[in-house]
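Novice: Below you will find the structure I want to go over with you.
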Amino acid sequence: MSRRARIRPFLLLNHAPAALPNVAAPRTVAVAQCLSSAPRHRQRQRKSPRVPPFCRHYSTSQQSSSQPPPPPPSRWLSDVTARLGKCIMFGCGPAQVARAAGVLRALATEWRALVAGSEGFLTGGRRGLEGQQVVWGEQDSFQHVNNANYIRYAESSRVNWITHFAGVDRAHGREWRELMTPKGVGLIMKSVKAEYKFPMTYPDRISVYHKLRSLPDASDTSLILDCVILSHRHRRAAATTKEDVVIYDYKEAKKTMMPPFVLDVFRDTWRLQEEEVRRARSRVWDLIREVEGLEKETWNREDAVEDLGSAGKKS
């Protein structure tokens with residue numbers, strides 16, 4: 008097998024892994040410092056080296072604790088599934104099958120937290136919409152979800168995201184709930200911009216999450232929120248939105264600065280977002296590194312011979 012054939016990316020698949028037996032989770036690996044199959048001194052001599060998918064030349068020892076790992080490739084989830092399938096089809100031993108099953112189980116159970124978390128979105132804890140069913144009536148004449156429905160999904164998630172802070176900051180629970188009412192200081196949508204990634208269709212389920220785009224300041228009279236709408240069927244983002252929300256004093260009928268209790272919670276939320284980026288990206292690169300290890304032990308090793316089973320035996 009030539010070197011070029013060994014590093015050719017495998018075809019992308021978008022199928023969720025089947026149910027897996029209870030096996031040990033894969034061993035924890037350091038944040039991936041991807042290495043191509045070619046020696047380093049030969050790579051430096053090439054003008055345009057070809058490297059395997061997911062290759063990111065970085066070292067955790069060179070990064071400060073505040074700097075997150077680089078983002079994974081946009082199609083990492085489907086690519087990892089496909090690459091694991093290639094390893095299994097080539098032939099794996101029992102220990103290798105257990106490791107592959109552990110990676111697939113992680114993808115099946117953690118994919119939302121990893122896909123959203125790697126971009127800074129916090130999941131769980133009633134922070135948005137989770138597992139919302141896409142109903143047939145939300146489709147238009149082109150038989151895909153009407154674009155206007157994505158704005159409604161984002162709106163419902165934003166209300167849940169704001170009001171869930173009433174449970175986080177119980178001392179100001181009433182004030183948090185009143186932010187979504189015209190009683191005192193509240194939030195008014197100034198503008199929203201949506202980007203559609205692919206046409207989502209029925210049946211499907213969605214999870215929708217929000218995050219702060221920047222660290223809030225005491226003088227702010229508005230905030231920018233990012234939103235991601237994840238398709239469970241395709242396990243990737245169906246759409247994203249950018250929302251400009253104004254802080255408005257209904258009694259004074261004018262914009263106002265961010266209340267101190269909101270500022271304190273949002274600053275803590277920003278810190279959690281940055282921590283989640285580091286955690287999720289590190290986890291993704293750990294899984295990718297585990298897959299690369301399986302590839303080097305199966306089809307991509309020097310003496311690799313495909314296990315053809317009974318078809319390879321002489322009659």
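So for the sequence shown, this note's numbering puts the first residue at 8; every next one is plus one. No residue lacks a Cβ here, since even glycine has one placed at the ideal position from N, Cα and C. All figures in this text were calculated on a predicted structure; none of them were measured in a lab.
#1: Using beta-carbon positions only, say whether T305 and F97 come within less than 8 Å of one another.
#2: Am I right that P76 and R288 are in contact with their C-beta atoms under 8 Å? What's the rounded C-beta distance?
#3: Count the other CB atoms, across all protein chains shown, that sit within 10 Å of the CB of P79; report buried if there are 16 or more and exposed otherwise.
#4: Closest to R184 by C-alpha separation, out of I195, H171, M196, would be which residue?
#5: Figure out for me which residue from I295, S148, A201, R133 has the closest Cα to the Cα of I169.
#6: Nearest to A260 by CA position, among I213, M207, V291, V192, is which residue?
#7: Determine the contact status of V291 and S125, defining contact as a CB-CB distance below 8 Å.
#8: Name the DSSP bridge partner or partners of S226?
#9: Mapping DSSP to helix, strand and coil, what is S357?
#10: Quick check: what's the CA-CA separation for N156 versus S214?
#11: Expressed to the nearest angstrom, what Euclidean distance is found between the alpha-carbon atoms of I158 and F128?
#12: Near Q146, which residues of its chain fall below 8 Å by C-beta distance, leaving aside the five closest residues on each side in sequence?
#13: Cutting at 7 Å between CB atoms, please list the residues of its own chain near Q280, excluding the five before and the five after it.
#14: Determine the burial state of G135: buried for a count of at least 16 other Cβ atoms within 10 Å of its Cβ, exposed for fewer.
#15: Which class does T305 belong to by DSSP, given the choice of helix, strand or coil?
#16: With which residues is T188 paired in a DSSP beta bridge?
Specialist: The structure says:
#1: yes
#2: 4 Å
#3: buried
#4: H171
#5: R133
#6: Residue V192 is the option with its Cα nearest to A260.
#7: yes
#8: Looking at the DSSP assignment, S226 forms no beta bridge with any residue, so it has no partner.
#9: Only positions 8 to 322 of the chain appear in this structure, which leaves residue 357 out of reach.
#10: 14 Å
#11: 18 Å
#12: V152, N153, T208, Y209
#13: Setting aside the 5 residues that flank it on each side, Q280 is surrounded in the same chain by G127, L129, K218, L219, each with a C-beta closer than 7 Å to its C-beta; the list follows chain order.
#14: buried
#15: T305 falls in the coil class under three-state DSSP.
#16: Paired residues: none, contrary to the question.
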